[in-house]
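A quick write-up on the structure given underneath.
Numbering (mature numbering (1 follows the signal peptide of the UniProt record, and there is no 0)), first residue to last: -28 to -1, 1 to 214.
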């Protein structure tokens, strides 16, 4: 199940006034949307609605999409060697794909790995994949790995589909697959079972030049209603002068 988080305003009114309620020079600002995909057993897909950029706010310069994926789980493995001790190398792989409006937005592979030494007599292969409590198997719980990727778009069909009006949305689709692999240092493969889970976080950032707005009279709270209506958190780009 996914949860959508629009970053709260907190003290954003001042930043909004600084970025939007300015006379003359427009400064680059950003709007953010976060989407959390809760942990589930792989393989699975999820979807969510991305709010398009409202072009009445200004000129959209860039769309930045960050995909973060976490894979984890428990592996029960057994060395297929019947005579010698070996180091078992276990690896869980999480493959994540993100689509927006039916177009590819990001791809990512996250890995979770571990190694364990199995001695002859308490970890050799006896011809069968056994109960996890059997001496010839090893259980590795709590494996976890996270990675992320950010893609930026400033033109083209993918970029254009994010342009719209207030309330317009674009379908986001998240897909997660899990896999297990392993081998030992004697060249043998590993017989095993795994339970893989995955979760994700998607962040959409709109970088834009705000529409010039007249300087308000003292005491006039401009921008607050705009931010509240849009449900966004806006801030000036780091490193730019006020």
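Where is the CB? At the ideal position from N, CA and C, for every residue including glycine.
It should be emphasised that the depicted structure is a prediction, and the values quoted were computed from it without experimental measurement.
(message) At the level of alpha carbons, what is the spacing between residue -2 and residue 181?
(response) Roughly 6 Å between the two C-alpha positions.
(message) Please list the terminal residues of the continuous alpha helix (DSSP H) segment that includes residue 129.
(response) Going by DSSP, residue 129 is part of the alpha helix (DSSP H) stretching over 128 to 132.
(message) Once DSSP output is grouped into helix, strand and coil, what is the label at residue 27?
(response) Looking at residue 27 - three-state DSSP - the assignment turns out to be helix.
(request) Please state if the CB of residue 110 and the CB of residue 72 are separated by a distance shorter than 9 Å. (result) In this structure, residue 110 does not lie closer than 9 Å to residue 72 by Cβ.
(message) What would DSSP say about residue 66, mapped onto helix, strand or coil?
(response) Residue 66: strand per DSSP, three-state reduction.
(message) Contact criterion: CB-CB distance below 9 Å. Does residue 176 meet it with respect to chain C?
(response) Of the protein chains in this structure there is only one, and it is not chain C.
(message) Based on DSSP bridge pairs, tell me the residues matched to residue 114.
(response) As computed with DSSP, residue 114 is found in no beta bridge at all.
(request) Please name the residue or residues paired with residue 153 in a DSSP beta bridge. (result) 63, per the DSSP bridge assignment.
(request) Check whether the Cβ atoms of residue 82 and residue 68 lie closer than 9 Å to each other. (result) Yes, the Cβ-Cβ distance between residue 82 and residue 68 is below 9 Å.
(request) Please report how far the alpha carbon of residue 128 lies from the alpha carbon of residue 139, in whole angstroms. (result) Approximately 22 Å, taken between the alpha carbons.
(request) Please report how far the alpha carbon of residue 64 lies from the alpha carbon of residue 120, in whole angstroms. (result) Going by C-alpha positions, residue 64 is about 16 Å away from residue 120.
(message) Just to confirm, is the Cβ distance from residue 156 to residue 60 under 9 Å?
(response) In this structure, residue 60 lies closer than 9 Å to residue 156 by Cβ.
(message) Along the chain, where does the beta strand (DSSP E) containing residue 1 start, and where does it finish?
(response) Per DSSP, residue 1 is one residue of the beta strand (DSSP E) stretching across 1 to 13.
(message) Tell me which residues share the same chain as residue 167 and place their Cβ nearer than 6 Å to its Cβ, disregarding the 5 neighbours each side in the sequence.
(response) Here the set comprises 45 and 46.
(message) Once DSSP output is grouped into helix, strand and coil, what is the label at residue 21?
(response) Taken through DSSP and simplified to helix, strand or coil, residue 21 comes out as strand.
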